[in-house]
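A.B. asks: Numbering-wise (the numbering used here), the sequence shown opens with residue 45 and increments by one.
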Amino acid sequence: MTKILMVCLGNICRSPLAEGILRSKLPNTSIIIDSAGTGDYHIGKNPDSRSVAVANKHGLDISNLKGRQFHASDFDVFDVIYVMDESNYRNVLLLARDEQDKTKVKFILNEVYPDQNYNVPDPYYGGNDGFENVYNMLDKACSVIAEKLT
């Protein structure tokens, strides 16, 4: 059974969208998909209303997801840890205990643009278009991931 974790800063914008999108592309599999944030700002909170709205626009319901913080123990649980940007990458690697942990951490957009380490921009302080743009980026990446897993 494959276990995938999506990670952004607060776990209310990008990573819950990525979690919801990938789940929609792998609806009847034994793959576990979760999300977390590197910060502790939104633990226990639902995704940002703009993430929920853009997900709903595309037929997904992420409103019931709850924010949680990434912990070193996540390396023991998950096979792949997709980060949204360089800051998330650095913060997750700071908790890595060994090289095996480090090999699990990947930039999600590398699935579309191999070895480019492009960032998924944080739409939190942007307008609604930012959330739509992020959705489209994550949708492309999650399509590639889903294709690899099926």
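Beta carbons are placed, not taken as given, at the ideal position from N, Cα and C, and that holds for glycine.
If I follow the unbroken alpha helix (DSSP H) through G81, where does it start and stop?
C.D. replies: Premise fails: G81 lies in the beta strand (DSSP E), 76 to 81, not in any alpha helix (DSSP H).
A.B. asks: So for I106, helix, strand or coil by DSSP?
C.D. replies: coil
A.B. asks: Using CA atoms only, rank isn't needed, just tell me which of L70, G83, R67 is closest to L138.
C.D. replies: G83
A.B. asks: Can you tell me where the alpha helix (DSSP H) holding F119 begins and where it ends?
C.D. replies: Start and end: 118 to 121.
A.B. asks: Could you spell out the range, first to last residue, of the alpha helix (DSSP H) harbouring I65?
C.D. replies: 58 to 69
A.B. asks: Could you give the DSSP three-state label for F151: helix, strand or coil?
C.D. replies: strand
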